[in-house]
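Written out below as structure tokens is the structure these notes cover.
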């Protein structure tokens, strides 16, 4: 959002002493920068906490509830295991979806 604001401000400068010009946008560089920032924040906010707390166990895979206290988890290697817990934290992650809006990708 910030990069779009900067590009817009370049194209429509609110100051008479600053000439407006079309911004040269490198989308690949912006996406790479955004992905790196997300990864840095993920490490800072989550992985460092997990690493520092031996009572937290991080598991990765696809899971489904068998009942209120049991998960069946499919590990990345395809094997399944059952996990029992009093409480379960579900952290799903997300992937962006770009809506079909004319001119959005320009």
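Residue numbers (this note's numbering): -13 to 92. Built from N, CA and C at the ideal position, the CB exists for glycine as well.
Who are the Cβ neighbours of residue -7 in its own chain at under 8 Å, not counting the five residues just before and after it?
Cβ within range, chain order: 9 and 11.
To the nearest angstrom, how far is the alpha carbon of residue 49 from that of residue 65?
Whole-angstrom Cα-Cα distance: 12 Å.
Taking residue 68 and residue 56 to be in contact with their CB atoms under 8 Å, please state how far apart those CB atoms are, rounded to whole angstroms.
Confirmed, about 6 Å.
Per DSSP, residue 43 forms a beta bridge with which residues?
The partner list for residue 43 (beta bridge, DSSP) is empty, contrary to what the question assumes.
Going by DSSP, name the residue or residues bridged to residue 57.
Per DSSP, 51 and 69.
Within the continuous alpha helix (DSSP H) that includes residue 35, where are the two ends?
34 to 38 is the span of the alpha helix (DSSP H), which, as asked, contains residue 35.
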